[in-house]
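Shown next, in structure tokens, is the structure this report addresses.
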Amino acid sequence: MLETTFVDYTFNNPLMNASGVHCMTQKEMDELSESAAGAFVTKSATLQHRDGNPEPRYYDVPLGSINSMGLPNLGLQYYLDYALDRQNKFETPMFFSVAGMSVDENIEMLKVIQESDYKGITELNLSCPNVPGKPQVAYDFPLTEEILTKVFAFFTKPLGIKLPPYFDLAHFDEMADVLNKFPLTYVNSVNSVGNGLYIDTESEEVVIKPKDGFGGIGGEYIKPTALANVRAFYTRLNPSIKIIGTGGIRSGKDVFEHLLCGATMVQIGTELHKEGPAIFERISKELEELMTEKGYHSIDEFRGKLKSIVD
Ligand code: RRO
11 MLETTFVDYT
21 FNNPLMNASG
31 VHCMTQKEMD
41 ELSESAAGAF
51 VTKSATLQHR
61 DGNPEPRYYD
71 VPLGSINSMG
81 LPNLGLQYYL
91 DYALDRQNKF
101 ETPMFFSVAG
111 MSVDENIEML
121 KVIQESDYKG
131 ITELNLSCPN
141 VPGKPQVAYD
151 FPLTEEILTK
161 VFAFFTKPLG
171 IKLPPYFDLA
181 HFDEMADVLN
191 KFPLTYVNSV
201 NSVGNGLYID
211 TESEEVVIKP
221 KDGFGGIGGE
231 YIKPTALANV
241 RAFYTRLNPS
251 IKIIGTGGIR
261 SGKDVFEHLL
271 CGATMVQIGT
281 ELHKEGPAIF
291 ERISKELEEL
301 MTEKGYHSID
311 EFRGKLKSIV
321 D
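Take 11 as the starting number for the sequence shown in our numbering and just add one per residue.
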């Protein structure tokens, strides 16, 4: 009932982890692979291993989470070795996420992937909010166009990009005009809402150490922003560019809303961090129950079909 076709793959369901959550080590990725998730994505890689920002750097709060991890990861080769080892074994498909600290680092990593035997999907993260001194690339429209021009000059494998949330209709228009120039496989909206501040009233302190407490906000707080970004890009991008919806998913109903806005796949971050990989089974069941109640037999019957209010 939840079967989802995406590029050349058919997934059992549209559910994935959001990059960064439960996907740094081989053990964590194996646990996702063995869970009910339809696919999973790696932690964004840099060329070299990075320790990331000082702890505490991730904090769960009642309505979501705040993080400033600072791109801790085990380095490109670690994830590439893992990907190559598992890709011919009929296991849960994996997406490979990369997030270079510069244009050149992104190009270098994508060249390694292009020249490797990796056959899967790659995600270029243009929206990490947490590296001090590094603005989020995809808030700079000309820079985004420059990077994609350089990438598509040589990269021929399926490629998606992870975007930050936008908050202005003019920005949706401008970004969509840029993205429609390229043969992107998908756009993933949204990364965490950058540079929020959560504070502990009792101690009168910030809750994470890096950047004096500023960090990316995820979870229930951001669902309306995520849905708006999914909808805005679904209605503006060439239909060949699919949408992955990320932000605020805690239940089957939340997944249904992302799909109704036009997402093909959906990703879960904050709530996966709270519940662990068993969440995928719970949410698949909830989505199936909701679809049955509504009389739907497949996701294609309602994907993107959000209704307007008409007189
Ligand atoms: O590692 C992080 O701090 C991080 C990244 Br790369 C990202 O893309 N989004 C996020 O919320 N945290």
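All residues carry an ideal CB built from backbone N, CA and C; glycine is no exception.
Within the same chain, show all residues whose beta-carbon is closer than 7 angstroms to that of residue i, passing over the 5 residues directly before and after it, in chain order.
{"i": "F16", "result": "K252, T274 and M275"}
{"i": "P193", "result": "F162"}
{"i": "D264", "result": "K233 and G258"}
{"i": "M111", "result": "T56, V141 and K144"}
{"i": "K219", "result": "P64, E65, P66 and R67"}
{"i": "L237", "result": "E267, H268 and C271"}
{"i": "Y92", "result": "Q36 and M39"}
{"i": "V188", "result": "F151, T154 and E155"}
{"i": "Y306", "result": "F312"}
{"i": "T235", "result": "P175, V200, V203 and G257"}
{"i": "G62", "result": "M79, G80, L81 and P82"}
In chain order, what residues of the same chain have a beta carbon less than 8 angstroms from the beta carbon of residue i, not counting five sequence neighbours either side?
{"i": "E298", "result": "M11, L12 and G262"}
{"i": "L94", "result": "S126, D127 and Y128"}
{"i": "L300", "result": "G262, K263 and F266"}
{"i": "Q124", "result": "F164, F165, T166 and K167"}
{"i": "T195", "result": "V17, I131, P168, L169, G170, I251 and K252"}
{"i": "H59", "result": "N83, L84, G85 and Y88"}
{"i": "E281", "result": "G229, I259, R260 and I289"}
{"i": "R313", "result": "L269, L270, G272, A273 and T274"}
{"i": "E184", "result": "F151"}
Given residue i, which residues of its chain have a CB within under 6 angstroms of its CB, disregarding the five upstream and five downstream residues?
{"i": "A4", "result": "A query on residue 4 cannot be resolved here, the shown segment of the chain reaching from 11 to 321 and no further."}
{"i": "A148", "result": "L136, S137, T154, L173 and P174"}
{"i": "Y231", "result": "L73 and G74"}
{"i": "G279", "result": "A28, V31 and G228"}
{"i": "F105", "result": "V51, I131 and E133"}
{"i": "M34", "result": "K53"}
{"i": "F224", "result": "N205 and L207"}
{"i": "E41", "result": "P287"}
{"i": "V217", "result": "Y69, Y208 and D210"}
{"i": "H283", "result": "V31"}
{"i": "K304", "result": "none"}
{"i": "A186", "result": "R246 and L247"}
{"i": "P103", "result": "Y19 and A49"}
{"i": "F21", "result": "T14, G48 and A49"}
{"i": "E296", "result": "S261 and G262"}
Going by the CB atoms, is the gap between residue j and residue i shorter than 8 angstroms?
{"i": "N23", "j": "F50", "result": "no"}
{"i": "Y373", "j": "N239", "result": "Nothing can be reported for residue 373: it is not among the residues displayed for the chain, which extend from 11 to 321."}
{"i": "S54", "j": "S29", "result": "yes"}
{"i": "L247", "j": "N201", "result": "no"}
{"i": "Q97", "j": "G130", "result": "yes"}
{"i": "P139", "j": "G229", "result": "no"}
{"i": "S43", "j": "E101", "result": "yes"}
{"i": "V122", "j": "G80", "result": "no"}
{"i": "R260", "j": "L316", "result": "no"}
{"i": "S199", "j": "F151", "result": "no"}
{"i": "G226", "j": "I76", "result": "yes"}
{"i": "Q277", "j": "I309", "result": "no"}
Just grab the DSSP bridge partners of residue i for me.
{"i": "M104", "result": "F50"}
{"i": "L173", "result": "S199"}
{"i": "M26", "result": "Q277"}
{"i": "N77", "result": "Y68 and G226"}
{"i": "V266", "result": "The residue asked about is misnamed: residue 266 is Phe in this sequence, not Val. Paired residue(s): none; F266 is not in a bridge."}
{"i": "V216", "result": "I209"}
{"i": "R60", "result": "N83"}
{"i": "T14", "result": "F21"}
{"i": "A55", "result": "V108"}
The segment 62-82 in contact with the segment 207-217 per 3-pair CB rule at 8 angstroms: yes
Could you tell me whether the segment 147-162 touches the segment 106-116, where touching means 3 or more Cβ pairs closer than 8 angstroms? yes
Identify every run of the beta strand (DSSP E) within the segment 237-261, keeping only runs that are complete inside it and at least 3 residues long; order them along the chain. 252-256
Segments of 3+ residues assigned as beta strand (DSSP E) that fall wholly inside the segment 82-152: 104-108 and 131-135
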